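**Student:** Please see the structure below; I have some questions.
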Amino acid sequence: SQGADLQENPDFVVVQGMVDVAIIQPESIQILDYKTAQVSGPLLEERIKGYNLQLRLYAEALQRVYRKPVTHLWLHLLATQETRTVATHSLDKDIV
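Per the numbering used here, the sequence shown runs over residues -11 to 84.
Right under this line is the structure:
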């Protein structure tokens, strides 16, 4: 999928993007995002930092909408068929 489009203003930030897969369960939410980037090594690791931020923003938004916690975030790299877990420990649990 494409990355989120971040547009900044001194008063607010607009994030435009689309969640690839959101599993909405009775008590929690899980999110999976696919990435098609054909990069590797240090460049891939740098890009993954941005992807992690994107997933965490998606998680914050879904927690607010559905009023339940996001318990799992996954990033699947199609080029390498690798799935990475993104930490949810710093997501704002007070939102739910």
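Using N, Cα and C, we set each Cβ at its ideal position, and we do this for glycine too.
Here the structure is a predicted model, which means the values were calculated and not measured.
#1: Hey, out of LEU20, VAL7, ILE12, LEU32, whose CA is closest to ALA67's CA?
#2: Out of GLY5, GLN51, ILE36, which has the shortest C-alpha to C-alpha gap to GLU15?
#3: Mark VAL53 as exposed unless 16 or more other C-beta atoms lie within 10 angstroms of its C-beta, in which case mark it buried.
#4: Return the chain-ordered list of same chain residues with a C-beta closer than 6 Å to the C-beta of HIS60, the five sequence neighbours on each side being excluded.
#5: Pick out whichever of GLN69, LEU20, HIS77 has its Cα sitting closest to the Cα of LEU43.
**Tutor:** Once the coordinates are examined:
#1: In the sequence shown, the residue the question calls residue 67 occupies position 79. The candidate whose alpha carbon is nearest that of ALA67 is LEU32.
#2: For the purposes of this step, residue 15 is identified with residue 27 of the sequence shown, where counting begins at 1. Ranking the options by Cα distance to GLU15, first place goes to GLN51.
#3: The residue given as residue 53 occupies position 65 in the sequence shown. Per the 10 Å Cβ criterion, exposed.
#4: Within the sequence shown, numbered from 1, the residue matching residue 60 stands at position 72. Here the set comprises GLN18.
#5: Residue numbering aside, residue 43 sits at position 55 when the sequence shown is read from its first letter. When only C-alpha atoms are compared, the closest one is LEU20.
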